[in-house]
Amino acid sequence: MKVLPFSLLTLQFHNTSLEENYQKQIQEQKLTYFRFLISFVILITFVGLFKSLIEQWGTFLILSLAVQTVLYLLALIFSRKISPYFKYILPSLYVAQYTYFIIGALNNLLQPHYVYGFIGGIYSCCMLNYLSVKMKILILSSSVWIMLGIFEIYSLANLNYIFLAIAATGIQAFYAYVYEYIMRLNFSQGVIINYQNDLLFQCSKQQMLILSFNNKKTFFELDFVNQKFELNQKIENDQTKLKEFLRNNFIINLDNDQMFGSLRIQKFANKQITLEDLLFEIYRAAKQDEQCFNQYEMIDQHNSQKEIQIQTINGLKTLFIIIISDNNNKIQIEKYEKQIKIINNQSINFSFQVGQKLQTIYKLIYELEIYNQENPTLNKIKGILQYILNETKNQLVFFSQNKSPQLLQKIDHCLLSSLIIALKPYFLYQCQQQQKYFELLFDNEDVQMQINTKQFTQILINIFNKILLYAKSNSTILFSITKDSNLNPQFDVKSLSKQSSKSKYDYLCSSSGNNQLLINLNFTFLTNEKISNFENSFVNKKIDCMEDDDFITIVNSYLLKQLSPYNNIFITQESRSKQKKNVKTTLTFYIYSDQTQIEQTYFKYINQENILQ
-1 MKVLPFSLLT LQFHNTSLEE NYQKQIQEQK LTYFRFLISF VILITFVGLF
49 KSLIEQWGTF LILSLAVQTV LYLLALIFSR KISPYFKYIL PSLYVAQYTY
99 FIIGALNNLL QPHYVYGFIG GIYSCCMLNY LSVKMKILIL SSSVWIMLGI
149 FEIYSLANLN YIFLAIAATG IQAFYAYVYE YIMRLNFSQG VIINYQNDLL
199 FQCSKQQMLI LSFNNKKTFF ELDFVNQKFE LNQKIENDQT KLKEFLRNNF
249 IINLDNDQMF GSLRIQKFAN KQITLEDLLF EIYRAAKQDE QCFNQYEMID
299 QHNSQKEIQI QTINGLKTLF IIIISDNNNK IQIEKYEKQI KIINNQSINF
349 SFQVGQKLQT IYKLIYELEI YNQENPTLNK IKGILQYILN ETKNQLVFFS
399 QNKSPQLLQK IDHCLLSSLI IALKPYFLYQ CQQQQKYFEL LFDNEDVQMQ
449 INTKQFTQIL INIFNKILLY AKSNSTILFS ITKDSNLNPQ FDVKSLSKQS
499 SKSKYDYLCS SSGNNQLLIN LNFTFLTNEK ISNFENSFVN KKIDCMEDDD
549 FITIVNSYLL KQLSPYNNIF ITQESRSKQK KNVKTTLTFY IYSDQTQIEQ
599 TYFKYINQEN ILQ
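Right under this line is the structure:
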């Protein structure tokens, strides 16, 4: 049970300010009742005065009736000013009324006692409702005994009248209590509703309005609007503006599931309808107990897109609660895209600065020429720096994939042997740390390279670091390099031709006079067992990146797109024993010797293509 805001015993509000507001409201009701009562009394006294003049009752009686009529008329005229004294005036009128009825009954003015008593009861019941609680208790507890004493009914012969008077007084007291209880409960509920409406009007962040359907006039009426809707639309209680609002806002993108009623007709399919038409259809669907959706997309006459929610409540009348909110999806997306872009740029700048510092330190140590067995500590420092530098470059590429094509313009002219020899100490050192051996094998005939050396060394180190994780301990990793004039050596292999991007060759320089070569790089090593889908450990072939994907594989896929005719590496596995504990694995990938001979349209092609395809 809810806690009442007033006492059940005294019927007084616990909050004094609430009691004062209630008394102000009752004061207005008392004023209305008082004016009606005085007007009725003036009519009676005026009729009595007119009758006394005709029948010539006497000067004193005529003057008394005239004075009463004037006094009642003045009381009616100045009723507003004397309203604060109603708590004294109404009880006095109640007592005067009873006194007048008692005197009339004693003198027996040729009126039936029953009619006289009935009229007196009506007057007393009506006036009793407008007395204060304390005055009601006083009058109800005393008037019946006074009346019985004046009429001398206290006798055994009239015992039935005594019990009837007590019962009638008890019923009247109960009715007075229930009436006061209902009035105070109604007032408190009204205060709560007004408070909730004020909160809804001021504090709701979205535009809100409540409409009701008028069955007689067949149009929608405005019942409530909140502050935000009032400021934006400025409709107020203007029925014309309300109609313009309902007819100038359109519901768009209605799905088939959102079609109901006449909306299922073909002419409405994939078309916009007005908000007024939609409300009519919702009203008809509600009458037919048909289910309808309550969330739609809406555009106004300025083509501003919003989201609208409509909730129907069927009670004394059908209400439509309409909530209009801005389409925050686009705003939120732009906001988060901006934040992601800022974080991305910060990550790129940080990785770039760290990479520059590490590269400077690495060059200083490398120039000392102390990468040998006599300086194991410095060798370790140099190996760690090279590893960290490469990881930093991976992060830089990963976070700036859309900017990486700019790096393609930084082409270096060098010898292939120089690049490999520069990386050999790193390979030897990492194998030594992992208890493995490294062997290098390539042709003595050198190859002139025009290539982005940073990307080339990066892909080599990434693949080599991954091989170290799978190669057996105390085994040898063989790195062999060959050259080939065939720019598409995997074309005849059916199983692999599907994985190659044949469209790339449309962008390559294919004139007979070019010096373009394809460098074949092979890593051969032993693993403990065959690994299914081993290529996925080196490159990412998925269309969508998952949270658990290794970002190094994404970087490798991107680098292969820049350097290789294939967006893939090729792995063969061969068991060397019956127990299949020694598996010979050969990893192969290809790069171009001269990137300057690749058409610029190809760079645009790979920039538009998803790097994971």
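Residues in the sequence shown are numbered from -1 upward in steps of one, following my numbering.
Each residue gets a CB set at the ideal place from its N, CA and C atoms; glycine is no exception.
Self-check item: Contact under 8 Å by Cβ, Gln612 with Glu279
Solution: Residue 612 lies beyond the stretch modelled for the chain, which goes from -1 to 611, so this question has no answer here.
Practice problem: Output the distance between the C-alpha atoms of Lys559 and Asn565, rounded to the nearest integer angstrom. | Solution: Numbered from its first residue, the sequence shown carries residue 559 at position 561. Numbered from its first residue, the sequence shown carries residue 565 at position 567. In a straight line, the C-alpha of Lys559 is about 5 Å away from that of Asn565.
Quiz item: Going along the chain, which residues of its own chain have a beta-carbon closer than 7 Å to the beta-carbon of Tyr281, five neighbours each way excluded?
Solution: Locating residue 281 in the sequence shown gives position 283, counting from the first residue. The residues are Phe211, Thr316.
Quiz item: Where does Phe32 fall in DSSP's three states?
Solution: Taking the sequence shown and counting its residues from 1, the one referred to as residue 32 is at position 34. Of the three classes helix, strand and coil, the one that applies to Phe32 here is helix, per DSSP.
Quiz item: If you draw a straight line from the alpha carbon of Ser591 to that of Ile249, how long is it in whole angstroms?
Solution: Position 593 of the sequence shown, counting from 1, holds the residue named residue 591. Position 251 of the sequence shown, counting from 1, holds the residue named residue 249. Each residue's alpha carbon lies about 60 Å from the other.
Practice problem: Apply the 10 Å Cβ neighbour rule to Gln194 and answer buried if 16 or more other Cβ atoms are within range, or exposed otherwise. | Solution: Translated into positions along the sequence shown, residue 194 becomes position 196. Per the 10 Å Cβ criterion, exposed.
Self-check item: Among Gln204, Ile160, Lys132, Gln205, the one whose alpha carbon lies nearest that of Ala174
Solution: The sequence position of residue 174 within the sequence shown is 176, counting from 1. It is Lys132 whose Cα lies nearest to the Cα of Ala174.
Quiz item: Helix, strand or coil for Val581 per DSSP?
Solution: Residue numbering aside, residue 581 sits at position 583 when the sequence shown is read from its first letter. In the structure shown, Val581 sits in a strand (DSSP, three-state: E or B).
Quiz item: How would you label Thr455, buried or exposed, when you count the other beta carbons within 10 angstroms and need 16 or more for buried?
Solution: Position 457 of the sequence shown, counted from the start, is the residue given in the question as residue 455. Buried, because 16 or more other Cβ atoms sit within 10 Å of the Cβ of Thr455.
Exercise. Tell me whether Asn518 sits in a helix, a strand or coil according to DSSP, three-state version.
Key: Here the question's residue 518 lines up with position 520 in the sequence shown. Asn518: strand per DSSP, three-state reduction.
Practice problem: Examine the Cβ distances between the stretch 175 to 186 and the stretch 158 to 166 and report whether three or more of them are shorter than 8 Å. | Solution: no
Practice problem: Sort Lys582, Thr586, Leu207 by Cα distance to Phe462 and report the nearest one. | Solution: By 1-based counting over the sequence shown, the position of residue 462 is 464. Among Lys582, Thr586, Leu207, the Cα nearest to that of Phe462 is on Thr586.
Quiz prompt | Cys123 classed as buried or exposed, judged by whether at least 16 other C-beta atoms fall within 10 angstroms | solution = The count along the sequence shown starts at 1 and reaches residue 123 at position 125. So Cys123 counts as exposed.
Quiz item: If we call anything under 8 Å between Cβ atoms a contact, is Ile457 one with Leu561?
Solution: Here the question's residue 457 lines up with position 459 in the sequence shown. Here the question's residue 561 lines up with position 563 in the sequence shown. With contacts defined as CB atoms closer than 8 Å, Ile457 and Leu561 qualify as a contacting pair.
Quiz item: Among Gln200, Leu240, Asn224, which has the Cα closest to the Cα of Phe217?
Solution: For this step, residue 217 is matched to residue 219 along the sequence shown. Nearest of Gln200, Leu240, Asn224 to Phe217, Cα basis: Leu240.
Quiz item: From Tyr92, Ile322, Ile567, Thr451, pick the residue whose C-alpha is nearest to that of Ser415; which is it?
Solution: Within the sequence shown, numbered from 1, the residue matching residue 415 stands at position 417. Closest option to Ser415, Cα to Cα, is Thr451.
Quiz prompt | Helix, strand or coil at Asp410 according to DSSP, with G and I counted as helix | solution = By one-based count along the sequence shown, residue 410 stands at place 412. Three-state DSSP puts Asp410 in a strand.
Practice problem: From the DSSP output, in three-state form, read off Ser15 for me. | Solution: Within the sequence shown, the letter at position 17 stands for residue 15. Three-state DSSP puts Ser15 in a helix.
Self-check item: Touch test, the stretch 11 to 31 against the stretch 51 to 58, Cβ-Cβ under 8 Å, three pairs minimum
Solution: no
Quiz prompt | Residue environment, Phe4, which counts as buried when at least 16 other CB atoms sit within 10 Å | solution = Taking the first residue of the sequence shown as 1, we reach residue 4 at position 6. Its Cβ being crowded by 16 or more others within 10 Å, Phe4 is buried.
Quiz item: Going by C-alpha distance, which of Phe477, Asn224, Arg245, Ile569 is nearest Leu277?
Solution: Numbered from 1 along the sequence shown, position 279 holds the residue referred to as residue 277. For Leu277, the nearest C-alpha among the options comes from Arg245.
Exercise. Can you give me the start and stop residues for the alpha helix (DSSP H) that Lys481 sits inside?
Key: Start at 1 with the first residue of the sequence shown, and residue 481 comes out as number 483. Careful: Lys481 lies outside any alpha helix (DSSP H), inside the beta strand (DSSP E) at 474 to 482.
Self-check item: Identity of the residues DSSP links to Ile589 by a beta bridge
Solution: What you label residue 589 is simply residue 591 of the sequence shown in a count that begins at 1. Note: Ile589 sits in a beta bridge opposite Ile517.
Quiz prompt | Those residues which DSSP pairs with Thr167 across a bridge | solution = The residue you call residue 167 lines up with position 169 of the sequence shown. Answer is none; Thr167 lacks a bridge partner.
Quiz item: Is it true that the CB of Leu88 sits closer than 8 Å to the CB of Tyr128?
Solution: By 1-based counting over the sequence shown, the position of residue 128 is 130. By 1-based counting over the sequence shown, the position of residue 88 is 90. In this structure, Leu88 lies closer than 8 Å to Tyr128 by Cβ.
Quiz item: So, is the C-beta of Leu209 closer than 8 Å to a C-beta in chain B?
Solution: Any reference to chain B falls outside this structure, which holds one protein chain only.
Exercise. Go ahead and label Glu389 buried or exposed: buried means 16 or more other beta carbons lie within 10 angstroms of its beta carbon, across all protein chains shown.
Key: Numbered from 1 along the sequence shown, position 391 holds the residue referred to as residue 389. The residue is buried, with at least 16 neighbouring Cβ atoms inside 10 Å.
Quiz item: What separation, rounded to the nearest whole angstrom, lies between the Cα atoms of Ser495 and Leu426?
Solution: As a working mapping, residue 495 is identified with position 497 in the sequence shown. As a working mapping, residue 426 is identified with position 428 in the sequence shown. Note on Ser495: pLDDT 42, under 50, position unreliable in the model; the coordinate value appears next. Taking the straight line from one Cα to the other gives about 35 Å.
Quiz item: By Cβ distance, which residues of its chain are closer than 6 Å to Leu439, with the 5 residues on each side in sequence left out?
Solution: In the sequence shown, residue 439 corresponds to position 441, counting from 1. Result list for Leu439: Ser478, in chain order.
Quiz prompt | Among Gly313, Glu295, Phe436, Lys528, the one whose alpha carbon lies nearest that of Thr629 | solution = Nothing about residue 629 can be read from this structure; the chain reaches only from -1 to 611.
Quiz prompt | For Tyr128, the three-state DSSP class (helix, strand or coil) | solution = Translated into the one-based positions of the sequence shown, residue 128 becomes position 130. Tyr128 falls in the coil class under three-state DSSP.
Self-check item: Bridge-paired residues (DSSP) for Ser139
Solution: Mapped onto the sequence shown, residue 139 falls at position 141. Under DSSP, Ser139 takes part in no beta bridge, so it has no partner.
Practice problem: Check whether the Cβ atoms of Lys464 and Ser398 lie closer than 8 Å to each other. | Solution: Here residue 464 is taken as the residue at index 466 of the sequence shown, counted from 1. Here residue 398 is taken as the residue at index 400 of the sequence shown, counted from 1. Taking 8 Å as the Cβ cut-off, Lys464 and Ser398 do not qualify as a contacting pair.
Practice problem: Compute the beta-carbon to beta-carbon distance between Tyr516 and Tyr588, rounded to the nearest angstrom, for a pair I have assumed lies under 8 Å. | Solution: Numbered from its first residue, the sequence shown carries residue 516 at position 518. Numbered from its first residue, the sequence shown carries residue 588 at position 590. Position check: residue 516 holds Leu in this sequence, whereas Tyr was assumed. About 5 Å separates the two Cβ atoms, so the contact holds.
Quiz item: Leu9: which of Tyr83, Tyr179, Ile338, Lys378 sits nearest, CA to CA?
Solution: Position 11 of the sequence shown holds residue 9. Closest by alpha carbon: Tyr179.
Quiz item: Between Gln237, Phe243, Asp221, which lies nearest to Asn230 when the distance is taken from Cα to Cα?
Solution: Counted from its first residue, the sequence shown places residue 230 at position 232. When only C-alpha atoms are compared, the closest one is Phe243.
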